[in-house]
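>
6 protein chains.
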Amino acid sequence: MPLFDLPLEELRGYLPDRDEPADFDAFWSATLAEAREFDLAAEYVPYDLPYANVDVFDVSFTGWGGHRINGWFLLPRGAQGPLPCVMHYIGYGGGRGFPHDHLLWPSAGYAVFVMETRGHGGANNGRPGATGDPHGSANPQAPGMMTRGILDPSDYYYRRVFTDAVRAVDAAAAHPAVDASRIVVGGASQGGGIAQATAALHPAVRAALVDVPFLTHFRRAVEITASDPYQELVRFLSTRRDTAEQAFRTLSYFDGLNFAARGRVPALYSVALMDDICPPSTVFGAYNHWQGPKEITVWPWNNHEGGGGYQSEEQVRYLHKLFGES
Amino acid sequence: MPLFDLPLEELRGYLPDRDEPADFDAFWSATLAEAREFDLAAEYVPYDLPYANVDVFDVSFTGWGGHRINGWFLLPRGAQGPLPCVMHYIGYGGGRGFPHDHLLWPSAGYAVFVMETRGHGGANNGRPGATGDPHGSANPQAPGMMTRGILDPSDYYYRRVFTDAVRAVDAAAAHPAVDASRIVVGGASQGGGIAQATAALHPAVRAALVDVPFLTHFRRAVEITASDPYQELVRFLSTRRDTAEQAFRTLSYFDGLNFAARGRVPALYSVALMDDICPPSTVFGAYNHWQGPKEITVWPWNNHEGGGGYQSEEQVRYLHKLFGES
Amino acid sequence: MPLFDLPLEELRGYLPDRDEPADFDAFWSATLAEAREFDLAAEYVPYDLPYANVDVFDVSFTGWGGHRINGWFLLPRGAQGPLPCVMHYIGYGGGRGFPHDHLLWPSAGYAVFVMETRGHGGANNGRPGATGDPHGSANPQAPGMMTRGILDPSDYYYRRVFTDAVRAVDAAAAHPAVDASRIVVGGASQGGGIAQATAALHPAVRAALVDVPFLTHFRRAVEITASDPYQELVRFLSTRRDTAEQAFRTLSYFDGLNFAARGRVPALYSVALMDDICPPSTVFGAYNHWQGPKEITVWPWNNHEGGGGYQSEEQVRYLHKLFGES
Amino acid sequence: MPLFDLPLEELRGYLPDRDEPADFDAFWSATLAEAREFDLAAEYVPYDLPYANVDVFDVSFTGWGGHRINGWFLLPRGAQGPLPCVMHYIGYGGGRGFPHDHLLWPSAGYAVFVMETRGHGGANNGRPGATGDPHGSANPQAPGMMTRGILDPSDYYYRRVFTDAVRAVDAAAAHPAVDASRIVVGGASQGGGIAQATAALHPAVRAALVDVPFLTHFRRAVEITASDPYQELVRFLSTRRDTAEQAFRTLSYFDGLNFAARGRVPALYSVALMDDICPPSTVFGAYNHWQGPKEITVWPWNNHEGGGGYQSEEQVRYLHKLFGES
Amino acid sequence: MPLFDLPLEELRGYLPDRDEPADFDAFWSATLAEAREFDLAAEYVPYDLPYANVDVFDVSFTGWGGHRINGWFLLPRGAQGPLPCVMHYIGYGGGRGFPHDHLLWPSAGYAVFVMETRGHGGANNGRPGATGDPHGSANPQAPGMMTRGILDPSDYYYRRVFTDAVRAVDAAAAHPAVDASRIVVGGASQGGGIAQATAALHPAVRAALVDVPFLTHFRRAVEITASDPYQELVRFLSTRRDTAEQAFRTLSYFDGLNFAARGRVPALYSVALMDDICPPSTVFGAYNHWQGPKEITVWPWNNHEGGGGYQSEEQVRYLHKLFGES
Amino acid sequence: MPLFDLPLEELRGYLPDRDEPADFDAFWSATLAEAREFDLAAEYVPYDLPYANVDVFDVSFTGWGGHRINGWFLLPRGAQGPLPCVMHYIGYGGGRGFPHDHLLWPSAGYAVFVMETRGHGGANNGRPGATGDPHGSANPQAPGMMTRGILDPSDYYYRRVFTDAVRAVDAAAAHPAVDASRIVVGGASQGGGIAQATAALHPAVRAALVDVPFLTHFRRAVEITASDPYQELVRFLSTRRDTAEQAFRTLSYFDGLNFAARGRVPALYSVALMDDICPPSTVFGAYNHWQGPKEITVWPWNNHEGGGGYQSEEQVRYLHKLFGES
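Protein chains in written order, with full-length UniProt numbering: chain A, 1 to 326; chain B, 1 to 326; chain C, 1 to 326; chain D, 1 to 326; chain E, 1 to 326; chain F, 1 to 326.
#1: Once you ignore the five residues that flank A:F323 on each side, which residues in its own chain have a CB closer than 8 Å to its CB?
#2: Thinking just about the alpha-carbon of each residue, which of A:G63, A:P106, A:P153 is nearest to the one in residue 343 of chain A?
#3: Taking C-beta pairs closer than 8 Å, name the residues in chain E that D:L3 reaches, listed in chain order.
#4: Counting only beta-carbon atoms, is B:F98 nearer than 8 Å to chain C?
#5: So, does the CB of F:D101 fall closer than 8 Å to a CB anywhere in chain D?
#6: So with Cβ pairs under 8 Å, would you call C:S312 a contact of chain B?
#7: For a quick check, are the C-beta atoms of D:Y89 and D:G187 less than 8 Å apart?
#8: Apart from the five residues on each side of it in sequence, which residues of its chain come closer than 7 Å, Cβ to Cβ, to E:P293?
#9: Let me know the alpha helix (DSSP H) ranges lying completely inside the stretch 77-154 of chain D, each 4 residues or longer, listed in chain order.
#10: Is the stretch 294-310 of chain F in contact with the stretch 254-271 of chain F, if contact means three or more CB pairs nearer than 8 Å?
#11: Please go through the same chain and pick out, in chain order, the residues whose beta-carbon is closer than 6 Å to the beta-carbon of C:G309, but skip the five residues on each side of it.
#12: Given this structure, state the Cα-to-Cα distance separating C:R240 from D:A123, to the nearest angstrom.
#13: If contacts are defined as beta-carbon pairs under 8 Å, then B:P99 and B:V56 qualify, I think. What distance do you get, rounded to the angstrom?
#14: For a contact defined as C-beta to C-beta under 7 Å, what are the partners of F:S238 on chain A?
#15: Please list, in chain order, the chain B residues whose beta carbon lies closer than 8 Å to that of A:G95.
#16: What is the rounded straight-line gap between the Cα of C:Q141 and the Cα of C:F248?
#17: Take every Cβ of the stretch 11-31 of chain B, pair it with every Cβ of the stretch 278-294 of chain A, and state whether three or more of those distances are shorter than 8 Å.
#18: For E:L201 and E:S252, what's the separation of their Cα atoms in angstroms?
#19: If you scan the stretch 228-300 of chain B from start to end, which runs of the alpha helix (DSSP H) of 4 or more residues do you find wholly inside it?
#20: Can you give me, in chain order, the residues of the stretch 105-123 of chain E that have a beta carbon less than 7 Å from any beta carbon in chain F?
#21: Which partner residues of D:P46 appear in the DSSP bridge assignment?
#22: Quick one: which residues of the stretch 38-65 of chain A get their C-beta closer than 7 Å to a C-beta of chain E? List them in chain order.
#23: With DSSP run on the structure shown, which of helix, strand or coil describes F:A30?
#24: A:S312 lies in the alpha helix (DSSP H); which residues open and close that run?
#25: Under the three-state reduction of DSSP, which class applies to A:G187: helix, strand or coil?
#26: In angstroms with no decimal places, state the Cα-to-Cα distance between D:P280 and B:R68.
#27: Is B:T163 helix, strand or coil when you go by DSSP?
#28: The alpha helix (DSSP H) with A:V222 in it runs from where to where?
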C-alpha cells in the first residue's frame, strides 16, 4: 500500500467539521435508560480447561433488548485486592475466540472483560463467537453489519452494540474483583470504535485505548477508501439511492467524531499511515477532537494491522504508568 | 470454467440419498398454520409511472411472523377474465428491482406476482429491495443469509422465506384477476430453490419453473464448490466447528432434495454444466427426485447464468403449451 | 470504488478543449452520403414467440458498406396513430439480446428500435448478438473493437457503427408506425456514445438520452482510468508506440466531445461519480459542451452501472413530459 | 499449478478419436489453390539498423485474399551456398517484434523467415506487429481471434492464417539464399499449431519443431481448461448457444489432431505437464497421431512457457543432427 | 475451498512409499555432532516489560554453524519444582513475535521455549523476528527459504533449522527450571514439520504436538497443490530443470515421512481436510508412518488454519493427561 | 495503468534532495579495495552449442568475498581488433538465461559480458541462473533480496552485487578481445540500477545505458508504489518497525540518486510514465542528478516494460554514434 491519504503534517492538524444531531445526547440517554431497565444478570461460569495461574470465566449478561451477551472474564490467580479491569471490544467479524487469546492483561496483572459483538463470530475461523443478534433489520441490508437497520437510528445495529458495551462496563464495575474506579476501555478497529463510544457514554470509564478505530468519520471514509467494511455503506447507497441522507442521519448518532468530542479521560490512540481500512485522516479526525489528555502512536509503514503486538506492549506500559504500577 | 462435476451421462442418473427428518412434514404444516394466523392483508397500490399496456401495482402482504413483505404485481391491461399467474421468486442478493424488470410475463399474457426475499436487495445496485427481515438470529452468523439462525430449524432464515412464498401464493390466488387454478411458481438460483419448495408446500401450485436451483443438496454442494453463497456455510462450519451436525440437521428441513421428492406438478428445470455456484449434480439430484411430469434443459457451456433469456423463452413456450394457449 | 476524479463542483464547470479536425463535418458528410447509396432495404420479420400486447419484429437493414445490420423493433399492440420511437443503442460487448429485454418502451407507449453494434454479442452470455462486422482492420489490433482500423479514420471501426446508427434512424423514420418527428436516440456507455454521435449526425433526431457515455474525451480517459475498454487504447499505444499521434488523429473524428458540441436537441444525460469505466470528467466534458437544452442526473455512489433502472424511469418521465403525454 | 490432466503414463498412450470432415483435404486443396492465384510478390527490404554479422530484411508477401503479410528474414552474413531455413510462426497475441528477437537461427547458421499472424501484435508491448487482417467476420465474435468467422470454415480466421503460412513457405523456398529442400517449420503455442498445419499442407517442409501446440484437440481443451485463448470458444458457445455444432464443424477443418495425422516428416515436439493453456493431453493427442519420425521433450514442472530457452537449444541440436551439421 | 484430496476413508489408510537415502541417519548424526562442537552458551535475559504472573526471558543460544539463535523462554511465576517444557517451533514466515503471543503454556503450568526459525520474521508484521541466517546459498534460489541450498543436503536451509531445533532442546533440557524428562516438541505447519523432525532426532523428547505439518511428502505436495510455500519448489524446478533429481535427493534427507517413521514417542497430530497449503494426504502420509502411540484430530471444514485455538486446547488437555496433571 | 506520478513537465525538473552519508566514497573505496585483494581468476569456457557466427563463453570470475560469479561472454566471430564491450546487468529475479538471449550486441559488432546477479535466477523459468549468494544475512529478511543484510551497509546484499559488477568490468577490461577504453555498462530495472552504480564506481566505464532503473530514490518509491520489489522494503519496515532509520541509513549507501550524482560519462536513460514498479519520478530524480552528457527516452504509454525492443535499437544507434561506427 502506498501512502494515499493526507501527509502526516496535515493529519496532525486535521479537525473536520462534525455532523451532530441536536438530540444526540438525548438519544443515548434514552437508549441507555431503556436498556438498564433489564436486569443485568451477569453470570460467571468457571471455564473447564484448567489453567495454572489465571482464573477464567465464561461470562454473560443482559445487553440491549434483554438479549444475552457472551464474553470471557479473566483474572490473575491470587491477586490481592480489586484490580483494574480492561474492557476488551472486538474487531469486525470476530467472536470472543478462546480464553487463551486474552492472556495478556491477566499476565500483566489486570482483569480483562472481553465482550462479544453480537452476531459476529460466525465466519472467522480463528475467533469463533457465541452471541447472536436476535434483533433483525427493518430495511434490506448489505451483507455484514454496517447497514443493518441503517434507515432509523433506533433500529441501527450499532445502537445495540454500543449499549451492550455500556452494560458490560456496568457488569465489570459490579464484579467484586474489579476496582470500579480503574476501568479502561480498549480495542482495535471496530473494537476501537466501540471503546471510543463507551468512553463517552459511561462515566465510570477511567481511560481509553483506541487502536485504528473504525466507525469514525463515515462520510470521508466512504469517499476515500474502496475497502470493506466501509464499502458496505457504498454498496447500500449505490442500491438504495433514495436513502442517502436518511442513512447519513442515522450514522450521525454513531459517528466516532461525535463520541471523541465527548472524550474526557486519558486516551492512547494509534494510527497507521498506510491503513486503507480505517484511513489515517478518519483516525486523526477523531483524535484531534478528543478532549481529554491524549497520545497517539503513529505507525508509518503499516496498514490496518496497525501497531499489533508493539502497540499492546505500549498499552501495558501506558496503564502501568497511569496507575502508578511497576 | 472447465467441467468439474460428474459427466452428463452420470448426472442423468444421479439419485442421491436424501437426509430427511422424520417430522419434516409436521414441521412445515405447523409453520404454515402458524403463519396463516396472521391476516394476509394484501395491498395493491397503483404504481405512479404511467405505462401504456400494463397495470402495475406495488404489492405488500403479511408473511412469516406478521412481517410485511413487498413485491410487484403486473397485469396485461385489458385482459379478459382471470389470468394464469406466475409467482416470481428472486435470486440471492437481489431485491424486487423495478416494475420494468418484470414485463415479460404480462407481455406474454400472464399476471406476474414478484415476491421480495426479505432482507435482500440492500447491495445489488441493479435490483434494489424494500423488505427487511425484522427477525434476527440467535446464533452468530456469516455475512449473508445462509447461516442466519442455522442452529435451529425454527430460527432459520429460509423458514421465514419459504413461508413468505407460500403466503404470496395465498395472496395471488385471492386476487380477482388471477385464475387460482393456474398459478405457476418460478425463479432462478435462490428463486428456483424457493419455487421448488413452494411447489411442494402449496397445493394450489399448478406448475414449476426451476432454473439452476440453489438451496439443494447442501452436503454435496459444500464439498465440491468454493463459490458463494454455499461457501457461507463452509465459513460458518470452519468457525463453529462444534455445530456441524446441528447445522446440517437444520438444513435437512430446507434441502431442495426433500422438496423435489414432494413435487407432483409439471416442472421445467434447467441446469448448466459449468455452473460452480449451483453445481450440476446438485440440480440433477433434485430433478431426478422430482415426482411429477418433468423436463430439463441442459446448457452445456454455461456457468450460473444458466439459460438466461433463452430459458425465459422456453418457459413462455412451456406455459403456452401447458395452458393450451397461443 | 472511492472518488478518484475531480470534485463535483469542478465537474460542473469542466469544459475541456476539443481536438477537432478541420474536415470533421466533411468527413461525416461524405461517409453518410456514401452509405446512403446502398439501398436501406429494411425488413421486419414477425418474431415467432407469441406476445399478448406487444408486436415484435426481427429487423434488419443495410448499414455501412452494404452490410446487413440486425435488431429488434417492438410496438405496443393496437396503438393509435404513429408513435414516438426510441432508438436504442447497445453497450460494449452486448448483442441485441432478446425481445423481452426491450419491453420497457412499448409498455410505456413508445416504439423501440434496437440496433446491434456490428461484431459485438459474441461473448456476452446474456445478450447474444446476430450481426458480424464483415470489414476487417488494416492494422494489427488489440482484442476488442477500440483499435480496429485505428490508424485511419476511414478504416476505423466506429465509422461503420455510427453510420449504421444513422441509417437505423433512416429506417425507423420510414416505418409507417413511427412518427418521424419524434425519434429519440438513447443508450448507456457505448450506447450513450453512439446516441450522442447520432444526435449530431442525423437531423431527424428529436431528443437524446445519454447515459454514462463512452467514446468521449479519449485523451483524458486513457490517462485517468486503468479499466477497459479505454485500456484497449493504452495497450495498443504501449505496443505500437510510433502511432500515437496517428491514432489520436483518428479518434478526433469520433470523440464525443465533438459530437456533443453539435448537439442542438434536448438531452438527458446521466453520470456516476464513482465510475472508473467512463470517468465523470469525460461525461461532464461532453455534457458541458452540449449546445441544446439539457439536464444531467448525478449518481454519487455508483460506478459504471450508473442510474440503472432508476434512470430508465427518469427517461420515461422525461419523454412523457417532452411529448406532453400522460 | 498442480498436475491436473492425465498422468504421464496415460498421456504417452493417449490416442483420441479425431473428428474429421470428409472433405478435409478438398477444402484445403481448394483454399490453397485459390490463394496461389495471387502473385506472391515477395519483397525483401534491407533493415535500416546496421548489424555486423547478420543480414536483416523486412519481408512482405501476398497471403490469403491478396492481403500483404509482413515478417522478417534474417541470414548469417557471408554464408556459403543456400542455407536451411526455419519458418518461425508466432504465438497468440504477438507480432513479429524486432529483428533482434530472432537472432538465434542466423547465429546458428540458418536462415529464419518470421511470419506475422495477421491481426495480432496490437497489444503485446514486447512484440509489436505490422500486419492487419483486412477480412472481417460474418458473425459476432468474442474478443480475440478464436471465434472470428467461426460459423463457416470458409470465413474462419485460421483459414487465412494457415494459408498465409503455406504461402510463406512458398516465399522462402523461392529465395536464392534458401535451400528449398531443407525448410523447417516451427513455433510455440499458436506458432506450434501453425507449424503443425503447415507441415501437413506443404510438401516442401522437411521437418517440424512443434512446441506446446495450440489449436489442437479443441473439444477436450474447452472441457478441461479455464484459460484463454481456448476460453474464447467457451464464451462464444455460452452466448451463441444455438451454434455449437456448427462451430465445432468449422473447427474440425482446423484441428491439429487432423493435421498431425498427416504429418510425415521428422518432428520434435515439446509438452509441459503443468500447462493449463495447452493442456498436455491435447499435445500428446496430436503427437501420438503424428505419422512421421518423432521425439517429444517432456517438461514436468512447467506451465505454458514449456521448454523455453532449453527447448530452443534442443531444436538447434536436433536440426544440426538432422542436417548432419556441426 | 472444496475437498480436493483423497476421501477421508482413503486418507486413513494412506501409507505412501518413502524415499529414504541409505545414509539418512549417518547424515544427521554427523550434522548434530558437528553442531554440538560449538558451545551452546544459552543466555536468558529478563524481558523488560513487567508481567505479574509469568517470568519472561529473551533467550539465545548457539545453533548450527555457531550462529546465535533467538527466542523466548516463559515460566509461570512461582512454580514448584522443575516443569514440563513445550518447545514451540514457528510457522513459515513468522518470527518469534512478542512474549505475550506465547502465554498459553505458562498459564497452563508449563514452561515454553520458543525458537526462532533463522531468517524468517522479516515480513510478517504480526510476528517480527530477530534471527538472521548468516549462511547463504551456493545455488540461486527462489524467494523464500524452500530452495536455499537445495542442491546439496549439507547446504540446505532446513539442515540448519532442524539442527537449531535439536540444540534448542539441549538448551531447554539444561535449564534448571525444566524437567528434562518432560520435554514436548510442538508447532503448526513449518513448526509441525520441525517438531516432527526434532522428535526423531533428539532422544530427550517425550511427546510431539504436530499440527498440519509442512515439509512432509514433498513429491506429492508439489504435484497436488498450487499454493506456497510448496510452490517455491515448483518455481525452482521449472527454472533449474536440470536439477530435479538432485533437489529431490536433497529433500529426501528432510522429508517428514522419514522423520515420522522414526517417531517413537506419543504424538498428537491434526489435519484439515480443505488444507491446500499442506494437503491432507501429506499429513496422513506422515501420521500413518508414525511408530509411536498416536492420535489425530480431523478438521473437516478447515483450510490451513487447521484446528487453531480449538487444537491448542486439545493439546493442553492431551499434555495434562499425559503428565497426569489437573 | 493510469498516470499516477507527477506530470511530465514537473518530472523534467524534478531534482530531489539526496540523503548521502559523509563516508559514502570511503565506504565504496574500502569495499572495492577489499574485493580486489581476491584474485579475479576470470575463466572463459567455450560453450558446447555450436554457433556459426558468434563465439560464446561460459564466464566466471571472483566477485565480492571471493565468491565465484557466472555469466556469458559473447563475441562476433572473426572480429578485427579489440571490440567495444557492453556489460549487461540483469533485472530482478532473472539469471543469465541462455547465450541466445544475448545475441543483440555481438550481432551489432560488440562484445557483451553478461553478469549474473548472485542468488537470482532460481524462480524465473525463462532466465535460469547459476550463481548463488553464499553470504547470508545477519537479520531476518523479507523474501527476496531487498532486505538481505539491510541493517548494516557492510552486510547489505547490494554491496556484494555492486562489487561483483565492478569486478566484472575489471574482467572485461582485461580480456584481449575487448577494447578497455570502450566499456559500456547497461541494463534495465535492477540492471539499470547496477549499471548506474558501476558507472560511478569504475573509472574505465565509457558510457551508460540506464533503462527504468530500480534501486533509486528509495524513500519516494516506498511511499508512492504498492508494487514489488520496492514493497519488500515496506513489508520489512512494517514488521521490524524499530529499524526504519537504520534501514534507510543502509540504503543511502546504495541509492541510485547518489550514484547518478557521480555520473560523468555519456548516459542514455529511459523512463516509462505508467511504470508503477520504478515510478517515473524516481527515474527522473536520478537522471536530473546525472552530471555527464545525457539523453532520456520517454515512453508515455508503457509500464515497467519501458522501451523494450524499441529501446534496444535506440541503444545500438546511440553506441554506433558514440563510437563513430556504421
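Glycine is no exception: its CB is placed at the ideal position from the N, C-alpha and C atoms.
Let me lay it out:
#1: P84, R182
#2: Residue 343 of chain A is absent from the model: chain A starts at 1 and stops at 326.
#3: E223, I224
#4: yes
#5: yes
#6: Yes, C:S312 counts as interfacial toward chain B.
#7: yes
#8: P266
#9: 104-107
#10: yes
#11: none
#12: Straight-line Cα distance between these residues: approximately 8 Å.
#13: Rounded, the Cβ-Cβ distance is 4 Å, consistent with contact.
#14: Result: W301, N302.
#15: P140, T239
#16: 15 Å
#17: no
#18: 15 Å
#19: 230-239, 244-252, 256-260, 280-289
#20: G119, H120, G121, G122, A123
#21: D:F57
#22: Within the stretch 38-65 of chain A, the residues whose Cβ lies closer than 7 Å to some Cβ of chain E are L49, P50, Y51, A52, N53, V54, listed in chain order.
#23: Of the three classes helix, strand and coil, the one that applies to F:A30 here is helix, per DSSP.
#24: 308-322
#25: In this structure, DSSP gives A:G187 an extended state, which the three-state scheme calls strand.
#26: 58 Å
#27: It is helical.
#28: 218-224
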